[in-house]
Every structure is written in structure tokens, then in C-alpha cells.
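Here is the structure we will look at, set down as C-alpha cells.
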Amino acid sequence: MENFPIFMINSVFETILLVHIGFLLIGVKPKLRDTFVIALIAGVLSYMIRSWSLPIGVTVLIQFPVLIVLTAYFNRLRILYAVLGSLLGLVIIGLTEIAFNWIIVKMSGISIEQAWAQPLWSFIFTVPEFLFLACVVIVLCRYNLALFKIEESNIELGEHYEQY
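This note's numbering applies: residue 2 is where the sequence shown begins, and numbers increase by one.
Here it is, written out as C-alpha cells:
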């Protein structure tokens with residue numbers, strides 16, 4: 002439990018970024034309040050799931066459906082669009098994490114395993130990635146960029162979303 006605060010900070014930021022990037026890419030602007038609630042719940046569940054010492058791929062397979070259900074429920078969005086937005090966010094987060102981890106490992110000489118073993122290092126490793134992803138969110142919002150806009154599909158969005 003001693004790593005819980007740092008783990009929660011990382012998990013909450015990562016979930017907020019994942020949800021925002023994923024849904025902005027489908028043309029939906031989620032409200033920060035709702036995303037924060039989703040991130041807190043997902044963070045606690047993520048910590049519990051990771052405490053089971055399962056392989057990383059298995060933990061993601063458990064966490065991802067939970068994220069989809071939370072996103073659909075709190076934002077009153079159809080499951081199909083919750084899946085699509087979450088999947089896009091997960092792909093972007095995953096690719097960014099791979100790139101930044103590679104760069105940081107090469108620059109620092111510290112392996113990912115060493116960083117994950119130390120709570121402070123695991124937090125420091127994520128800072129550049131989170132700053133980059135926050136810039137991506139700002140650019141997506143500012144220029145209304147999206148891969149496609151689901152409002153063109155004639156669906157009804159929940160009251161918690163703004164279409165742009």
C-alpha cells in the first residue's frame with residue numbers, strides 16, 4: 002500500500018488523458034468532472050487488479066472492459082461509442098508510452114523494470130509522456146480535430162457531452 006499515492010496519481014492522469022484523447026478523436030468533448038470520477042474509480046480498481054500479480058497483458062484485459070462500462074455509464078453514451086473512444090485512447094496512450102519509455106531508457110540508462118520497482122522513478126518516467134499527451138488534448142480541443150465525428154452518425158449523446 003505504500004506505493005498507492007504515486008500509483009493513483011499516475012493512474013488518474015493516464016485515465017483522464019486516455020478518455021479525453023479517445024473521445025476527442027471521435028468528435029466528442031467529455032466533461033472533465035465526469036472524466037475525473039471515471040479516473041478515480043478506474044484508478045482504485047486498477048490498483049486492486051495489479052495487486053493480484055497478474056501479467057501486464059491480463060491486467061489490461063480486465064481493466065479495459067471496466068473502463069468502457071464506466072465511460073458508458075457516467076457519460077450516458079452507447080457502448081459501441083464507449084468502446085471506440087476507449088480503444089482509440091488506449092492505442093494512442095500505448096504507442097506514446099512505448100516511444101517515451103524507449104527514449105527515456107536510452108537517455109537515462111535506467112531500465113523500465115528498475116523504474117517500476119521505485120515509485121518515484123515510475124512517476125518521473127511518466128511525466129514527459131503525460132505532458133506530451135496533455136499537449137495533444139489541447140491541440141485536439143483547440144482545432145476541433147477528430148478522426149470522425151459521431152454526430153454525423155445521427156446518434157444521441159448523453160447530456161454530459163458537447164459536440165463540436
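Glycine included, each C-beta is placed from N, C-alpha and C at the ideal position.
The model shown is predicted, which means the values in this text are computed figures rather than measured ones.
Taking C-beta to C-beta, are residue i and residue j nearer than 9 Å?
i, j, result
"V169", "G58", "Because the chain spans 2 through 165 in this model, residue 169 falls outside it and cannot be assessed."
"I22", "V138", "yes"
"V29", "I151", "yes"
"A83", "V92", "no"
"L101", "Y48", "The sequence given here places Phe at residue 101; Leu does not occur at that position. It is not a contact, given that the beta carbons lie outside the stated cut-off."
"I50", "I63", "yes"
"A116", "F126", "yes"
"L96", "I27", "no"
"T72", "S54", "no"
May I ask you to check if the CB of residue i is nearer than 8 Å to at least one heavy atom of the ligand ZN?
i, result
"V20", "This structure lacks the ligand ZN; in fact it carries no ligand of any kind."
Which same chain residues end up closer than 8 Å to residue i when comparing Cβ atoms and leaving out the 5 residues on each side of it in sequence?
i, result
"V140", "L146"
"W122", "I111, Q115 and A116"
Which whole-angstrom value describes the C-beta separation of residue i and residue j, a residue pair presumed to lie in contact below a C-beta threshold of 8 Å?
i, j, result
"F124", "I17", "The Cβ separation is near 16 Å, so there is no contact."
"L19", "I94", "5 Å"
"L25", "C142", "7 Å"
Which residues in the same chain as residue i place their Cβ atom closer than 6 Å to its Cβ, once the five residues preceding and following it in sequence are excluded?
i, result
"M9", "G44"
"A118", "none"
Keeping to the same chain, check which residues put their C-beta closer than 7 Å to that of residue i; ignore five residues upstream and five downstream.
i, result
"L41", "V13"
"V67", "A43 and L46"
"L85", "I27"
"V144", "First, the amino acid is wrong: residue 144 is Tyr here, not Val. Cβ neighbours of Y144 beyond the five flanking positions: none."
"E98", "E130"
- Please specify which runs of the alpha helix (DSSP H), each continuous and at least 4 residues long, are wholly inside the segment 55-107, giving them in chain order. 57-76
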